[in-house]
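Here the sequence shown is numbered in my numbering, starting from 9 and rising by one per residue.
Glycine included, C-beta positions come from ideal geometry on N, C-alpha and C.
All values reported here derive from a predicted model rather than from experimental measurement.
In what follows, a single structure is set out as structure tokens and then discussed.
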Amino acid sequence: MPQTGVKAEAGTGQGHVPLPASMSLKLKGQTGAQQYEAWKIFKFQFENYLLATKQDELPEERKCAILLHLLGVEVVQIYQSFNVTGNRTLEGVMQLFERYFSPQKNISLERNVFLSRRQRPGETLEAFFTDLKLLSSTCELSTLRDSLVKDIFILGLSEDNTYIRERLLEEGDKKTLNEIFDLARTIEMSKDKTKMDKMVFGVNKQQRKKPTSEKSKSQCNRCGYRVELPHVNCPAVKASCYKCTGKGHFSTMCRRKLVKKVSKKEVDQEEAAEGQEFFIGSVHANQSSWTAMAEVNKKLINVCLDTGAEANLLSHEEFRSIGLSDKIIKPTNCRLSSYGGTCIPTKGNGSRVYVGQKHFCITNHISRWFQEMNQFHVRVAETQVKSK
């Protein structure tokens, strides 16, 4: 047999006609039904070849020789088992091969293979559809063939293609076999495009995020800016603070105003827990006075700022002088003690006291005198706090 791409020539009365490239019939590894399908395809191609090259007019012996040449060595051995004698014709040889390859069909088995066919992992829609049509060709389904192929195609789609199956079930009765297959491919391509668009959007969105280096920035304790530490080129290194006249920081970051570090205790309820003990003391500084005039109940009183105490005191005398009623004083079991440990007797716990138009803000360490708050507590003591 000539190799693929090498043309042999068969002489005729009208000149030389080239033989086709290799058309040998491959049988190895195929089942009986598959061999029969391969034989039918070869037979169709061979008859077309003779017709196209006008070699169908050649003598019968010569046409038989061309047939055996194109079938290949493997099939020639089968021909020799026929023990053909005398004059041979192309039709007679073809019938011998037809009987040989035509299997004793087990229709039940063929239909079982067809009906149980499912799309394999990684198998494309095209490959699955083509194999279903091939399997159905040996099942003798007659007019039901297209309808059953369509049903098995929809039923046999893999779990990854469940979304395609659901759509095809809606359109199954309205469309032909080929239309169902075209719709399945369209749905698959639409999903692939949507997935690709989401991937592109995700990449673009991720690119718009702030650089991760932003997370590593901290506030500089000299200038107050958020920078990556250490801040080598800090603008406050040579600056002078107008509050403490010190150098190396801006006034907004000055720490001299922190006279004493006071531990802050947050109170979430109106009354402190029973038996809680508070420390009361005063802090002296060499700087200016730490007192201020505050308007309480439309009257001015002199109050001491930032004593460093854990509770805030108001003398009973001043409490009455500003027109407040003892009715707002609630009993308390909180124990107040001075710096020396002396117990300070208390009248009770006051609430909802206002300073001017604002609520009176009482915290352990006051940085601003007036602040808006919903509620606060005032410790009312027998001992009068001296104003400076």
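Spatially closest choice to residue i from the options, by CA coordinates
{"i": "residue 165", "options": "140, 65, 306 and 152", "result": "140"}
{"i": "residue 328", "options": "344, 309, 98 and 107", "result": "309"}
{"i": "residue 124", "options": "342, 87 and 157", "result": "157"}
{"i": "residue 132", "options": "98, 72 and 189", "result": "189"}
{"i": "residue 7", "options": "75, 251, 336 and 341", "result": "Missing from the structure shown is residue 7; the chain here goes from 9 to 396 and no further."}
{"i": "residue 423", "options": "343, 335 and 330", "result": "Beyond the ends of the chain as shown, which are 9 and 396, falls residue 423; an answer cannot be given."}
{"i": "residue 155", "options": "134, 185 and 146", "result": "185"}
{"i": "residue 71", "options": "325, 226 and 95", "result": "95"}
{"i": "residue 167", "options": "178, 126, 80 and 117", "result": "126"}
{"i": "residue 183", "options": "159, 171 and 100", "result": "159"}
{"i": "residue 108", "options": "243, 88 and 115", "result": "88"}
{"i": "residue 47", "options": "86, 200, 177 and 341", "result": "86"}
{"i": "residue 80", "options": "227, 341, 31 and 226", "result": "31"}
{"i": "residue 397", "options": "78, 195, 233 and 144", "result": "Past the boundaries of the shown model lies residue 397; the chain is included only from 9 to 396, so the question cannot be answered."}
{"i": "residue 352", "options": "333, 326, 332 and 322", "result": "322"}
Enclosing alpha helix (DSSP H) for residue i [first to last residue]
{"i": "residue 158", "result": "153 to 163"}
{"i": "residue 115", "result": "115 to 123"}
{"i": "residue 103", "result": "98 to 109"}
{"i": "residue 82", "result": "81 to 88"}
{"i": "residue 139", "result": "133 to 144"}
{"i": "residue 55", "result": "40 to 60"}
For residue i: DSSP bridge partner residues
{"i": "residue 235", "result": "226"}
{"i": "residue 310", "result": "301"}
{"i": "residue 255", "result": "248"}
Coarse secondary structure for residue i, derived from DSSP in three states
{"i": "residue 322", "result": "strand"}
{"i": "residue 169", "result": "helix"}
{"i": "residue 74", "result": "helix"}
{"i": "residue 337", "result": "coil"}
{"i": "residue 369", "result": "For residue 369, the predicted structure reports a pLDDT of 38, less than 50, and the residue's modelled location is therefore unreliable. The matter cannot be settled from this model."}
{"i": "residue 260", "result": "helix"}
{"i": "residue 354", "result": "strand"}
{"i": "residue 193", "result": "helix"}
{"i": "residue 182", "result": "helix"}
{"i": "residue 127", "result": "coil"}
{"i": "residue 93", "result": "coil"}
{"i": "residue 199", "result": "helix"}
{"i": "residue 112", "result": "coil"}
{"i": "residue 332", "result": "coil"}
{"i": "residue 65", "result": "helix"}
{"i": "residue 148", "result": "coil"}
{"i": "residue 176", "result": "helix"}
{"i": "residue 37", "result": "coil"}
{"i": "residue 267", "result": "For residue 267, the predicted model reports a pLDDT of 44, less than 50, meaning its position is unreliable; a value from the coordinates is still stated below. In this structure, residue 267 counts as coil in the three-state DSSP scheme."}
{"i": "residue 280", "result": "Because residue 280 carries a pLDDT of 45, less than 50, the predicted location of this residue cannot be relied on, and no value is offered for it."}
Residue range of the unbroken beta strand (DSSP E) whose run includes residue i
{"i": "residue 244", "result": "Counting along the chain, residue 244 falls outside any beta strand (DSSP E), and DSSP gives it neither H nor E."}
C-beta contact flag for residue i and residue j at 8 Å
{"i": "residue 35", "j": "residue 82", "result": "yes"}
{"i": "residue 33", "j": "residue 50", "result": "yes"}
{"i": "residue 122", "j": "residue 137", "result": "no"}
{"i": "residue 263", "j": "residue 245", "result": "no"}
{"i": "residue 258", "j": "residue 252", "result": "no"}
{"i": "residue 68", "j": "residue 98", "result": "yes"}
{"i": "residue 330", "j": "residue 307", "result": "yes"}
{"i": "residue 41", "j": "residue 134", "result": "no"}
{"i": "residue 57", "j": "residue 110", "result": "no"}
{"i": "residue 146", "j": "residue 199", "result": "no"}
{"i": "residue 148", "j": "residue 115", "result": "yes"}
Check: residue i C-beta below 7 Å from any heavy atom of the ligand SAH
{"i": "residue 37", "result": "Ligands are entirely absent from the displayed structure, and the ligand SAH is therefore not among its contents."}
Interface flag, residue i vs chain B, CB-CB below 8 Å
{"i": "residue 40", "result": "Of the chains in the structure shown, none is chain B; there is only one protein chain."}
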